[in-house]
C-alpha cells in the first residue's frame with residue numbers, strides 16, 4: 057500500500073498546484089518545462105518519455121489513439137516525469153497496457169495514470185466497467201476505489 061499512498065499524494069499535490077486535473081492544461085502550465093506534443097507514432101507505440109536532464113524532458117503521445125487512450129497515455133508519461141524516472145527513454149508499447157508490468161518504473165507510471173485517470177473522469181465502483189480500457193488497467197484503477 058505504500059506506493060499507492062505515495063502516488064495518491066503526488067497526484068493530489070499536482071492537481072492542487074495546477075487547480076485542474078486536465079492533463080493538457082497541466083502540461084501547458086505547471087509542467088511547461090516538458091516538451092509535450094501529440095505526434096503520429098508507430099501503431100505499436102502509444103507514447104514515450106525521454107529524460108535528457110532535470111530541466112529537459114520530452115513526452116510524445118500517439119495522435120492516432122482514441123481520446124480515452126490518449127488521456128491515459130498522457131497520464132502515464134506524466135507519471136514518469138513526476139515520479140522522477142531518469143531512465144533515458146521509456147517507451148509505452150501498445151501491448152504493454154494489457155500485461156503485468158515487468159519494470160518497476162512502468163508499474164509505478166501505470167499506477168500514477170490509473171489514479172489520475174480515476175480522479176479526472178470521476179470513476180467509481182459503479183462506472184468502472186463501462187470504461188473502454190484493458191482489464192489490467194481497470195484492475196489498477198480498482199486499487200484506488
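Numbering (this note's numbering), first residue to last: 57 to 201.
Note that CB positions come from ideal geometry on N, CA and C, so glycine has one too.
Bear in mind that the values here come from a model prediction, so they are computed numbers and not experimental data.
Inter-residue Cα distance where the pair is residue i and residue j
i: residue 136; j: residue 122; result: 21 Å
i: residue 168; j: residue 133; result: 9 Å
i: residue 129; j: residue 118; result: 9 Å
i: residue 111; j: residue 88; result: 10 Å
i: residue 102; j: residue 96; result: 10 Å
i: residue 156; j: residue 189; result: The predicted model places residue 156 with a pLDDT of 49, which falls under 50 and marks its position as unreliable, so this point remains unresolved.
i: residue 113; j: residue 93; result: 12 Å
i: residue 58; j: residue 163; result: 14 Å
i: residue 64; j: residue 194; result: 17 Å
Nearest residue (CA-CA) to residue i, options the options
i: residue 78; options: 199, 172, 190; result: 172
i: residue 143; options: 165, 128, 124; result: 165
i: residue 161; options: 180, 174, 141; result: 141
i: residue 127; options: 81, 182, 185; result: 81
i: residue 73; options: 86, 61, 63; result: 86
i: residue 178; options: 159, 198, 190, 191; result: 198
i: residue 67; options: 193, 138, 194; result: 138
Anticipated Cβ contact below 8 Å, residue i with residue j, distance rounded
i: residue 180; j: residue 196; result: With 8 Å as the limit, residue 180 and residue 196 do not qualify as a contact, their Cβ atoms being about 15 Å apart.
i: residue 107; j: residue 116; result: About 13 Å separates the two Cβ atoms, so there is no contact after all.
i: residue 71; j: residue 175; result: 7 Å
Cβ-based burial, residue i [other Cβ within 10 Å; buried from 16]
i: residue 170; result: buried
i: residue 124; result: exposed
Limits of the beta strand (DSSP E) - the one that residue i falls within
i: residue 109; result: 101-109
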